[in-house]
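S.K.: Right, I'll just put the structure down here and ask away after.
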Amino acid sequence: MSGQNLKSTRNFKVFCLLLLVALVVLAGRLGWIQLVDGKLWAERAREQLQESRSLQTPRGSIYDRGGKELAISHMAKSLYANPREVHDPDALAKKLAPLLNIPEATLRDRLKVKGAFIWLKRTLEPPEYSRVAEFIAKEKVRGLDFLEESRRVYPNDQLAAHILGFVGTDDKGLTGIEMGMDSVIKGQTHKQILDTDSKGTPIFQSIFAFTKPKPGHSIYLTIDSAIQFAVEQALDNSLARTKAQAATMIVMNPKTGEILAMASRPAYNPNMFFRYSEQIWRNRAISGIYEPGSTFKSLVAAAGIQEKVVTAKEMFNDTGAIDVGGRIIKNWDGGSYGKMPFSDIIKYSINTGFAEVAQRMGGSRMLKYSEAFGFGKPTGVELPGEEDGLLLSLKAMQPSDVATMGIGQAVAVTPLQLLTAVSALANDGKLLKPHIIKEIRDGDGLLVSYSAPQMVRQVVAPEVAHEMVGLMEKVLTEGGGKRANVEGYRFAGKTGTAERLRDNGAGYDPGRYIASFVGFGPLEDIQLAGLVVIDSPQGLYYGGEIAAPVFAEAMTQIVRIMGMRPSQEIKAFQPPKPVQPKSAPVNPPPAAPPMPPVVMPAGKFAMPDVRGKTIREAAAILQKAGLYLIPEGSGIAVRQNIPPNTPVSKGTEITVYFEPR
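Counted from 1, the sequence shown has number 416 at position 420 by this note's numbering; the numbering is strictly sequential.
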C-alpha cells in the first residue's frame, strides 16, 4: 500500500474516532439532560409556553331556616393584562383609569410588572365591564382580556348584615358567618393551564381543568327572614323616635337555643361594605359589653330563691336608700316604698331590696351563679368576635361591689349572654348553648351536619324557674314593663336602665344611659325570648319607656308571622310614644300612664287592615297605599305579617294569609 493510501486510512480512522467521541459526549449530555436536568428544563419550557392561574370555585350559599337566599355567588368578569403585549403602559393607564375608577398611577404600576399576567380589577360591575369591553374592541387594544370569577352578592342588602358579614376580593370572609365559617363555605382552589406562544399570548384561549372543582358547602341559619325584618324594622322605628346612638335586638327560642333574629343599628349594606367604617361592621349583639342594670335582677332573684335566702312573700321595709360599705344605693326613682313583699320588689325593680338579697348571697355565691348563668366567658355561638364580658374576681370584690352587682352593676355582659341567661328561666332552669347555624349541606345538597339543642347546665330548679316566670309576668301586667305587653298574648319580662360605661372601661359617660328590656312568651308555650338594648337615647332613657315598646312592636309581628294563636282578645297594635316621667311614686306605685296616640315616623304611614277581605280587595287596598301583596292561601284574609296601624314605608311587601270562607 502506498504512503498516500496509508495516510488516508489513518486520517479516516482519526475522523471516525473523533466522531465516535463526539457521539458519546453528545449521548452523555442528552442523557444528563433527560435523566438529571429533565424536570428543570421541562419546567422552563412550561414557563415559556404555558400560564398557570389559580382560581376559586364559587362559595356555598347562605340561607335562612326556610331556604331563603341571604348570600349567593354570581359569576362576574375580572380584567387582567399581559404586560408583555402592552406597548405603551402610560397611555393605556390614562385611558383605563376613568373606566375602572382606579388611580392612573396604580394602573401604570400594574401594567409595567414583569410577567405575562396581572389582575387590573376583579369582579367588575356590569356597567364597568361594558365600558371596558367596548373600549378594547373599539381601540383594538392588545394585552387585555377577561376571566370569569365568583362574586359574592347579598340579595337583601342590609338585612342580617351583621350576621352574614362580607367577603373580600380574594374570596376570603372578613366578618360574620362569612369569616367564622370561611373554611366551610369557601370552594376549592383549582388551576387553569393556558397554552401560550413565545410572547405569552394564550393560544385559542385554551383552558384545561384537570380536576372537577367542587363548590363550597352551603349553610342554613336558624334565623327567619320575616322575623329578622320585623326586628330590624322595630329598631329603625326606635332610632327615629329616640335619636339613640345605637340599638340591638335578639330573638331566640329558649327551648332550643336557636337564634331567630339578631340585629344591630347602625346598619350597613354588605354589598358595599367598603363605604362604611369598621365600627359599623361590629356586631353589637356579641361584641358590645355593657352593665345590664335591672334586667340582671331577674337572675339575682332566681339565685336568691334557689339558695333560700329570700322568698317571694318575704316582707321588706324599703326606706329609699341603703348604705353598703360607705356607698349609698338609692332606688331608681329616688322614692321609698315602705313595707312590701319581695314579689313587689321584683315588680317595681326596687334597688334597696336587691342590694340586700345580694348581701345575703355574698360574693362567692353571687359569682357562682353569675358563672353558672354563662357570664364571664363567650357563649360559643358560631360568630367571630364574641367578647367574654367582665366579672370581678372574689378577691377583688368589696362589700359594695356585691350589693351593686345585685342591681346589675359591677358586671358587664354582652346582649347575647344576658338573653341566653334569662332564657334559662323560660326553659325550666336549663341553660342552653345559643346557636345560629341550623345545618350544613354540600354542593350536591346532601346533609353534612345538623345543630341539635345543646344543654350547658341546670342553673336553678324547674320550680324556681316557674316561680320566676310568674313573678316576671307581673312586671308587664302590674309593674314598669306595661309597654312591653303584646295584645292578646301573655308575656313576662324585666326592664333595665343603666349608666353607660366609657368606651375605654374607665368609669361612666355622664348623662348617657343604656335602656333595655328582656322578656319571653307566650307563657302557655314559651317559644320566644327577646332582648332590646338602646344605647344613649336622647331625652327619656328608662327601659320601660323606650325599650319595652320596641319589644312589643317586634313581638306583635313575630307571633303573627309564626302563626301563634292569641289567648286573649286582640286589639290593633299601636306603637307607644314615650311620655315624660311623672313625679316619683310613693307606696304603692301608681299605674302606668295610658297609651298615647300613634305618631308615625317621618316617611311612614299606618299599615292598612285587610283582614276579612278577598285577595282582590286586599290587593286593591294595598296597591292604593303603595304596598305589594304576597298572598298565601285562598279565600278571606285572616292575618297579615305586618299588623294594622304598624308604621310602614311605600314599596314594602306584605304577606297576607287567606283561608276558605
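Here a beta-carbon is modelled for each residue, glycine too, at the ideal position from N, C-alpha and C.
All values reported here derive from a predicted model rather than from experimental measurement.
Please determine if the region 313 to 321 and the region 411 to 426 are in contact, where contact requires at least 3 C-beta pairs separated by less than 8 angstroms.
M.R.: no
S.K.: Which word fits Glu463, buried or exposed, when buried means at least 16 other C-beta atoms lie within 10 angstroms of its C-beta?
M.R.: Indexing the sequence shown from 1 puts residue 463 at position 467. Buried.
S.K.: Which residues bound the beta strand (DSSP E) around Asp314?
M.R.: Translated into the one-based positions of the sequence shown, residue 314 becomes position 318. Its beta strand (DSSP E) spans residues Met311 to Asp314.
S.K.: Which one of Asp531, Pro639, Arg498 and Gly599 has the shortest CA to CA distance from Ile554?
M.R.: Within the sequence shown, residue 554 is the residue found at index 558, counting from 1. Of the listed residues, the one whose Cα sits closest to Ile554 is Pro639.
S.K.: Look up Gly56 in the DSSP assignment and say whether it is helix, strand or coil.
M.R.: Within the sequence shown, residue 56 is the residue found at index 60, counting from 1. Three-state DSSP puts Gly56 in coil, outside helix and strand.
S.K.: Quick one: Cα of Val634 to Cα of Gly63, how far?
M.R.: Residue 634 sits at position 638 when you count from the first residue of the sequence shown. Residue 63 sits at position 67 when you count from the first residue of the sequence shown. Going by C-alpha positions, Val634 is about 25 angstroms away from Gly63.
S.K.: Within 8 angstroms, do at least three Cβ pairs link the region 541 to 559 to the region 437 to 453?
M.R.: No: fewer than three Cβ pairs fall under 8 angstroms.
S.K.: Taking the alpha-carbon positions, what's the Gly56 to Lys182 distance?
M.R.: Taking the first residue of the sequence shown as 1, we reach residue 56 at position 60. Taking the first residue of the sequence shown as 1, we reach residue 182 at position 186. About 7 angstroms.
S.K.: Put Tyr216 into one of helix, strand or coil per three-state DSSP.
M.R.: By 1-based counting over the sequence shown, the position of residue 216 is 220. If DSSP states are grouped into helix, strand and coil, Tyr216 belongs with the strands.
S.K.: Give the DSSP bridge partners of Trp115, in chain order.
M.R.: As a first step, residue 115 is located in the sequence shown; it is residue number 119 there, counting from the start. Per the DSSP secondary-structure output, Trp115 pairs in a beta bridge with Tyr76.
S.K.: I'd like to confirm the pairing. Which residues does DSSP put opposite Tyr446 in its beta bridges?
M.R.: Taking the first residue of the sequence shown as 1, we reach residue 446 at position 450. Looking at the DSSP assignment, Tyr446 forms a beta bridge with Glu435.
S.K.: Measuring CB to CB, does Asn637 end up less than 8 angstroms from Arg556?
M.R.: The residue given as residue 637 occupies position 641 in the sequence shown. The residue given as residue 556 occupies position 560 in the sequence shown. In this structure, Arg556 lies closer than 8 angstroms to Asn637 by Cβ.
S.K.: For the alpha helix (DSSP H) holding Leu618, just list the boundary residues, first then last.
M.R.: As a working note, residue 618 is residue 622 in the sequence shown. Leu618 -> alpha helix (DSSP H) spans Ile611 to Lys620.
S.K.: How about Asn347 and Ile403: are their beta carbons less than 8 angstroms apart?
M.R.: On the sequence shown, position 351 is the one that residue 347 refers to. On the sequence shown, position 407 is the one that residue 403 refers to. Their beta carbons are under 8 angstroms apart, which means Asn347 touches Ile403 by this criterion.
S.K.: Using a Cβ-Cβ cut-off of 8 angstroms (strictly less than) and excluding sequence neighbours within five positions of Ile219, which residues of its own chain qualify?
M.R.: Working through the sequence shown from its first residue, we reach residue 219 at position 223. Within the same chain, Ile219 has close Cβ partners Asp60, Arg61, Ala156, Ile159, Ile255, Leu256, Ala257, Met258 and Ile432.
S.K.: By how many angstroms is the C-alpha of Ala281 removed from the C-alpha of Gln241?
M.R.: Position 245 of the sequence shown, counted from the first residue, corresponds to residue 241. Position 285 of the sequence shown, counted from the first residue, corresponds to residue 281. Answer to the nearest angstrom: the Cα atoms are 15 angstroms apart.
S.K.: Between Ala457 and the rest of its own chain, which residues show a CB-CB distance below 8 angstroms, the 5 nearest in sequence each way excluded?
M.R.: Residue numbering aside, residue 457 sits at position 461 when the sequence shown is read from its first letter. For Ala457, where only same-chain residues beyond five positions count, the Cβ hits under 8 angstroms are Gln302 and Gly425.
S.K.: When the Cα atoms are used, what is the spatial distance from Ile530 to Asn97?
M.R.: Position 534 of the sequence shown holds residue 530. Position 101 of the sequence shown holds residue 97. Using only the alpha carbons, I get a separation of about 39 angstroms.
S.K.: When we look at the beta-carbon of Lys110 and count the other beta-carbons within 10 Å, is it buried (16 or more) or exposed?
M.R.: For the purposes of this step, residue 110 is taken as the residue at position 114 of the sequence shown. Classification of Lys110: exposed, given that the 10 Å Cβ count is below 16.
S.K.: Given a cut-off of 8 angstroms, decide if Phe312 and Ile341 are closer than it, judged by their beta-carbon atoms.
M.R.: Locating residue 341 in the sequence shown gives position 345, counting from the first residue. Locating residue 312 in the sequence shown gives position 316, counting from the first residue. Yes.
S.K.: Beta-carbon separation of Leu107 and Leu75 under 8 angstroms?
M.R.: The residue you call residue 107 lines up with position 111 of the sequence shown. The residue you call residue 75 lines up with position 79 of the sequence shown. Cβ atoms of Leu107 and Leu75: not closer than 8 angstroms.
S.K.: Are the CB atoms of Asn267 and Val149 within a distance shorter than 8 angstroms?
M.R.: Here the question's residue 149 lines up with position 153 in the sequence shown. Here the question's residue 267 lines up with position 271 in the sequence shown. A contact, by the Cβ cut-off of 8 angstroms.
S.K.: Can you give me the Cβ contacts of Pro224 inside the same chain, cut-off strictly under 7 angstroms, excluding the 5 residues immediately before and after it?
M.R.: On the sequence shown, residue 224 is found 228 positions in, with the first residue counted as 1. Checking the sequence, you will find Gln at residue 224 rather than Pro. Excluding positions up to five away in sequence, the list reads Leu155, Ala156, Ala257 and Ala259.
S.K.: With distances taken from CA atoms, which of Thr400, Ser294 and Lys364 is nearest Ile324?
M.R.: On the sequence shown, residue 324 is found 328 positions in, with the first residue counted as 1. Considering only alpha carbons, the answer is Thr400.
S.K.: Looking at chain B, is there any beta carbon in it that lies within less than 8 angstroms of the beta carbon of Arg237?
M.R.: No chain B appears in this structure, which consists of one protein chain only.
S.K.: Which value, in whole angstroms, describes the spacing of the CA atoms of Leu88 and Pro122?
M.R.: If you number the sequence shown from 1, residue 88 lands on position 92. If you number the sequence shown from 1, residue 122 lands on position 126. Straight-line Cα distance between these residues: approximately 21 angstroms.
S.K.: Tell me the rounded alpha-carbon separation between Thr53 and Lys646.
M.R.: Stepping through the sequence shown from its first residue, residue 53 is reached at position 57. Stepping through the sequence shown from its first residue, residue 646 is reached at position 650. Using only the alpha carbons, I get a separation of about 39 angstroms.
S.K.: Pick from Asn152, Met175 and Ile114: whose alpha carbon is nearest that of Phe162?
M.R.: The residue given as residue 162 occupies position 166 in the sequence shown. Taking only the C-alpha atoms, the option nearest Phe162 is Met175.
S.K.: Measuring straight from C-alpha to C-alpha, what distance separates Leu26 and Val17?
M.R.: Working through the sequence shown from its first residue, we reach residue 26 at position 30. Working through the sequence shown from its first residue, we reach residue 17 at position 21. Their backbone Cα atoms lie some 14 angstroms apart in a straight line.
S.K.: In three-state terms, what does DSSP make of Ala660?
M.R.: Not covered by the structure: residue 660. The range shown for the chain is -3 to 657.
S.K.: Which residue comes first and which comes last in the alpha helix (DSSP H) that contains Pro123?
M.R.: Translated into the one-based positions of the sequence shown, residue 123 becomes position 127. Note, Pro123: alpha helix (DSSP H), Pro122 to Glu135.
S.K.: Compare the beta carbon distance of Lys239 and Gln534 with 8 angstroms and say whether it is the shorter of the two.
M.R.: To locate residue 239, count along the sequence shown from 1; it is residue 243. To locate residue 534, count along the sequence shown from 1; it is residue 538. Result yes, Cβ atoms of Lys239 and Gln534 sit closer than 8 angstroms.
S.K.: Please report the residue range of the alpha helix (DSSP H) in which Pro395 lies.
M.R.: Taking the first residue of the sequence shown as position 1, residue 395 is located at position 399. Pro395 to Met401 is the extent of the alpha helix (DSSP H) around Pro395.
S.K.: Please determine whether the Cβ atom of Phe8 lies at a distance below 7 angstroms from any heavy atom of the ligand MN.
M.R.: Among the components of this structure there are no ligands whatsoever, and the ligand MN is therefore not found.
S.K.: Between the beta-carbon of Leu386 and the beta-carbon of Leu363, is there less than 8 angstroms?
M.R.: The residue labelled residue 386 in the question sits at position 390 within the sequence shown. The residue labelled residue 363 in the question sits at position 367 within the sequence shown. No. Outside cutoff.
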